[in-house]
Amino acid sequence: MQKFSDKVALVTGSGRGIGRSIALKLASEGADIVVNFFRNREPAEQTADEIRALGRRALVVKANVGELDQLERLFDATVEQFGGLDILVHNAASGYNRPAMQQKPRGWEWTMNINARSLLFEAQHAAPLMRERGGGTIIALSSLGSVRVLPDYVVVGASKAAIESLVRYLAVELAPDNINVNAVAPGVVQTEALERFAAYREANDGEQDVLAKLAEATPTGRLATTEEVAELVAFLCTPAAKMICGQTIVMDGGQSLVWGQSG
């Protein structure tokens, strides 16, 4: 029997990258999936088609999770289509990447609302649905920028630190309802999101293989894949992970342990 048979999972920002791999992994283990996107419908529809090819149901919903009315509409659509929710993966993220002294109020609000505030209000929508089904799982995606200083990452880093704090508070409050809450913080994973970082673009323009250098400086000798991140998220959604509560699991091949050698 598949691990998530008869389960419903909502994965925010699941049209591409890590979110897409998580959605496909959960579907491969039997879950029906709500695929959420904000800007680009085509990749989200492609993800949904792949989910259906696995024999599972998929619903595509456009919503900016940073806007509370759109967030409410996302959960209303989930209930209307599937009748409830068992797994919430908070993956959608955005950000204004620039130095701290160049940040603007609009960039702060945009980033914090999409990345951090949305987790709190997603949980408020999800928890009653999960209680009705005897419990559930909430997983948030964080990053090493929550505790490390990365170039031009100040607002995103602050939002990721807020996510990890929210995970701890939600975990304690929701544990009596059999709702397990944790976070996953991958190291560098090769996705389209890397193109938003000036340091990465400039290094590649200089014909330096940034990812190869990072891999070489990582104890495991390589970077994690989106599929490996999805495997960890899926594990945290199983009963075997029930006693992991309110934790942020770092998945970086040991890169952060030798950070000074990779920078």
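Positions 1 to 263 (the working numbering) are the ones given, in order, by the sequence shown. Backbone N, C-alpha and C fix where the C-beta goes; we use that ideal spot for every residue, glycine too.
*Straight-line gap, E202 to L211 (C-alpha atoms, nearest Å)*: Translated into positions along the sequence shown, residue 202 becomes position 202. Translated into positions along the sequence shown, residue 211 becomes position 211. With a pLDDT of 49 at E202, under the threshold of 50, the predicted position of this residue should be treated as unreliable, and no value is reported.
*Would you check if the segment 138–154 and the segment 86–96 touch, i.e. whether three or more CB-CB distances between them fall below 8 Å?*
Yes: the two stretches touch, three or more of their Cβ pairs being nearer than 8 Å.
*By Cβ distance, which residues of its chain are closer than 6 Å to R168, with the 5 residues on each side in sequence left out?*
Here residue 168 corresponds to residue number 168 of the sequence shown, with the count starting at 1. Apart from the 5 residues on each side of it in sequence, R168 sits with its Cβ closer than 6 Å to the Cβ of G246 in its chain, given in chain order.
*On the three-pair Cβ rule with 8 Å, is the segment 122–134 touching the segment 99–110?*
The segment 122–134 is not in contact with the segment 99–110.
*asked:* Just to confirm my understanding: we take R20, look at its own chain, exclude 5 residues before and 5 after, and list those with CB closer than 8 Å. What are they?
replied: Counted from its first residue, the sequence shown places residue 20 at position 20. Counting only Cβ-Cβ distances below 8 Å, and skipping sequence neighbours, we find S14, P43, T47 and T226.
*Three or more C-beta pairs closer than 8 Å, one from the segment 23–40 and one from the segment 57–71: is that the case here?*
yes
*In whole angstroms, what is the alpha-carbon distance linking L170 and V181?*
What you label residue 170 is simply residue 170 of the sequence shown in a count that begins at 1. What you label residue 181 is simply residue 181 of the sequence shown in a count that begins at 1. Those two C-alpha atoms are separated by around 7 Å.
*asked:* Please report the straight-line C-alpha distance between Q2 and A162, rounded to a whole angstrom.
replied: Stepping through the sequence shown from its first residue, residue 2 is reached at position 2. Stepping through the sequence shown from its first residue, residue 162 is reached at position 162. Whole-angstrom Cα-Cα distance: 34 Å.
*Helix, strand or coil for F37 per DSSP?*
Mapped onto the sequence shown, residue 37 falls at position 37. In the structure shown, F37 sits in a strand (DSSP, three-state: E or B).
*Around the C-beta of P219, are 16 or more other C-beta atoms found within 10 angstroms, so that it is buried, or is it exposed?*
The residue you call residue 219 lines up with position 219 of the sequence shown. Exposed is the call here.
*With DSSP run on the structure shown, which of helix, strand or coil describes G254?*
For the purposes of this step, residue 254 is identified with residue 254 of the sequence shown, where counting begins at 1. Correct three-state label for G254: coil.
_7 Å Cβ shell around E50 - same chain, five flanking residues per side excluded_ = For the purposes of this step, residue 50 is identified with residue 50 of the sequence shown, where counting begins at 1. Closer than 7 Å at the Cβ level, and outside the excluded window around E50, lie L24.
*Thinking V8 and N36 are a contact (beta carbons under 8 Å), I'd like their distance in whole angstroms, please.*
By one-based count along the sequence shown, residue 8 stands at place 8. By one-based count along the sequence shown, residue 36 stands at place 36. The Cβ separation is near 13 Å, so there is no contact.
*Might you give, ordered along the chain, the residues of its own chain that have their beta carbon closer than 7 Å to the beta carbon of E67, omitting 5 neighbours on each side?*
For this step, residue 67 is matched to residue 67 along the sequence shown. No residues qualify anywhere along the chain.
_Helix, strand or coil at P186 according to DSSP, with G and I counted as helix_ = Translated into positions along the sequence shown, residue 186 becomes position 186. In this structure, P186 counts as strand in the three-state DSSP scheme.
_Using beta carbons (cut-off 9 Å, strictly below), is L214 in contact with chain C?_
Of the chains in the structure shown, none is chain C; there is only one protein chain.
*Give the DSSP-derived three-state secondary structure of G17 in the structure shown.*
Taking the first residue of the sequence shown as 1, we reach residue 17 at position 17. Helix at G17.
*Does the beta-carbon distance from S143 to P186 come in below 9 Å?*
Indexing the sequence shown from 1 puts residue 143 at position 143. Indexing the sequence shown from 1 puts residue 186 at position 186. Yes; because the gap between Cβ atoms is below 9 Å, this pair is in contact.
*Roughly how many angstroms lie between the CA atoms of I244 and L214, to the nearest whole one?*
In the sequence shown, residue 244 corresponds to position 244, counting from 1. In the sequence shown, residue 214 corresponds to position 214, counting from 1. Looking at the two C-alpha atoms, the distance is approximately 29 Å.
*Let me know the secondary structure DSSP gives L88 once reduced to three states.*
The count along the sequence shown starts at 1 and reaches residue 88 at position 88. The answer is strand: DSSP assigns L88 an E or B state.
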